[in-house]
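**Student:** Take the sequence shown: its letter number 259 is residue 259 in UniProt numbering, and every next letter is one higher.
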Amino acid sequence: MVVTSIDPVLDAQHPVPPGEFFDPPPSAGQDWQTAPPWFDGAGWIMPMGGFLLRSGDRTILVDAGLGPNIDIVETRGKLFDSLADLGVTPEQITDVVLTHLHLDHVGWVAPAGEPIFTHARHHCHRADYDWMRADPGSNPATARVTDTIRAVSDLLDLAEGERTEIADSVALRLFAGHTPGNCVGEIETGEARVLLLGDTAHHPALLVEDGWTDRLDEDRAAAARARDRLAQEMERTGAIGLGAHFPGTQGGRIIRDKQGARQWQPIPSNRIHTN
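#1: I'd like to know if the region 101 to 109 and the region 126 to 144 are in contact, where contact means that at least 3 CB-CB pairs between them fall below 8 angstroms.
#2: Assess contact between the region 52 to 61 and the region 165 to 172, defined as three or more Cβ pairs (one per stretch) separated by less than 8 angstroms. Is contact present?
#3: At which residues does the alpha helix (DSSP H) containing Glu188 begin and terminate?
#4: CB-CB under 6 angstroms to Asn69, same chain, minus the five flanking residues each way: which ones, in chain order?
#5: Measure how close the beta-carbons of Gly243 and Thr249 come, nearest whole angstrom, since I'm counting them as under 8 angstroms.
#6: According to the neighbour-count rule (16 or more other Cβ atoms, all chains shown, within 10 Å of its Cβ), is Ala159 buried or exposed?
#7: Would you grab the beta carbon distance between Arg227 and Thr200 for me? Rounded to a whole angstrom, and I think it's under 8 angstroms.
#8: Of the residues Ala205, Arg262 and Ile272, which one's Cα is nearest the Cα of Ala192?
#9: CB-CB under 8 angstroms to Gly113, same chain, minus the five flanking residues each way: which ones, in chain order?
#10: Going by Cα to Cα distance, which pick from Arg253, Asp257, Lys258 and Ala261 is closest to Pro268?
#11: What residue range is occupied by the uninterrupted beta strand (DSSP E) comprising Glu165?
#12: Using 7 angstroms as the threshold, is the C-beta distance between Gln33 and Pro47 below it?
#13: Whole angstroms are fine: how far does the CA of Thr274 sit from the CA of Leu86?
#14: Please work out which residues of its chain come closer than 7 angstroms, Cβ to Cβ, to Trp264, disregarding the five sequence neighbours upstream and downstream, and give them in chain order.
#15: Identify every residue that forms a DSSP beta bridge with Pro115.
#16: Label Arg215 either buried or exposed according to how many other C-beta atoms from any shown protein chain fall within 10 Å of its C-beta, with 16 as the threshold for buried.
#17: So, are the CB atoms of Asn270 and Pro25 less than 7 angstroms apart?
#18: Run the CB neighbour count on Gln232, radius 10 Å, all protein chains shown included, and call it buried at 16 or more, exposed below.
#19: Could you give the distance in angstroms between the alpha-carbon of Val3 and the alpha-carbon of Gly67?
#20: Grouping DSSP H, G and I as helix and E and B as strand, with all else coil, what is Asp81?
#21: When DSSP builds the beta bridges, which residues end up paired with Pro8?
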């Protein structure tokens, strides 16, 4: 059994000045925020949400957005509408896969302290689960995530090690750095291999620009190594990468230009359907 459809599910979006996220090397120059192709001076409209996968009798939500309770963004609370546009209700979700345990990826898991996806098994990596439990009250965001995961403890399965299969043709793979248990979703559609990048990279530039780092990574050195490993794999295998925070939840591949530099090559659509 393979995954027959992958659709983006938007929950929130917000304009982000790139200087708040990225530390480029000095070689990027002073005008990196206004130079094409990555930014236009106003940053980018950063989506928050996830992806809906369908495979046989499984309907899988990868990441659960920011949720209805956080008022730091301009547009929020759209996940149910996005699911409805795809003909899906929360009760039909069989699995909720969390690429990592940050607030903008678990927001709809249990926003009022009770599970929303009551018929779904919930999945995250043990390394993130242990990390959250080690210091649950370190800040309000961590406390909220800890409460969220506690609310679904009876529905929770923990991924272990480097790779854990969640369903036929769906696996979580560890790319630690952004968080200790940060994962990429590995999807086989029969026609393409697709990687759901989570926050391994917030933006395509981080996969192809040498020396750029992300200020939101818990371990910036480990996260940079993870991105390089991911970029090498994407280039070698031709896998499609889909980024939950990429502009327009854009998908693409990594190729080399004539000078041998990595380039991001967008694909025509961020929806992948094989049936």
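Positions of the beta carbon are idealized from the N, C-alpha and C atoms, including for glycine.
**Tutor:** According to the structure data:
#1: Counting Cβ pairs under 8 angstroms, three or more are found: they touch.
#2: Segments in contact, yes.
#3: Boundaries around Glu188 are those of the beta strand (DSSP E), Cys183 to Glu188, since no alpha helix (DSSP H) includes it.
#4: Taken in chain order, the residues that qualify are Pro111.
#5: Between Thr249 and Gly243 the Cβ distance is about 7 angstroms, and since that is below 8 angstroms, they are a contact.
#6: Sixteen is the threshold: when 16 or more other Cβ atoms of the shown chains lie within 10 Å of the Cβ of Ala159, as they do, the residue is buried.
#7: Correct: roughly 6 angstroms between the Cβ atoms.
#8: Considering only alpha carbons, the answer is Ile272.
#9: Contacts found: Asp147 and Ala151.
#10: Pro268 has its Cα closest to that of Arg253, out of Arg253, Asp257, Lys258 and Ala261.
#11: Here the beta strand (DSSP E) through Glu165 covers Arg163 to Ala167.
#12: The answer is no: Cβ separation not under 7 angstroms.
#13: Roughly 16 angstroms separates the two Cα atoms.
#14: Closer than 7 angstroms at Cβ, skipping near neighbours: Pro204, Leu207, Val208, Gly252 and Ile254.
#15: According to DSSP, residue pairing for Pro115 in a beta bridge does not occur.
#16: Under the 10 Å beta carbon count, Arg215 is surrounded by fewer than 16 other beta carbons and is classified as exposed.
#17: Not closer than 7 angstroms, so no.
#18: Note on Gln232: under 16 other CB atoms within 10 angstroms of its CB, so exposed under the neighbour-count rule.
#19: Cα to Cα, the separation comes out at about 26 angstroms.
#20: Look at Asp81 here: in three-state DSSP terms it is helix.
#21: DSSP lists Phe51 as the bridge partner or partners of Pro8.
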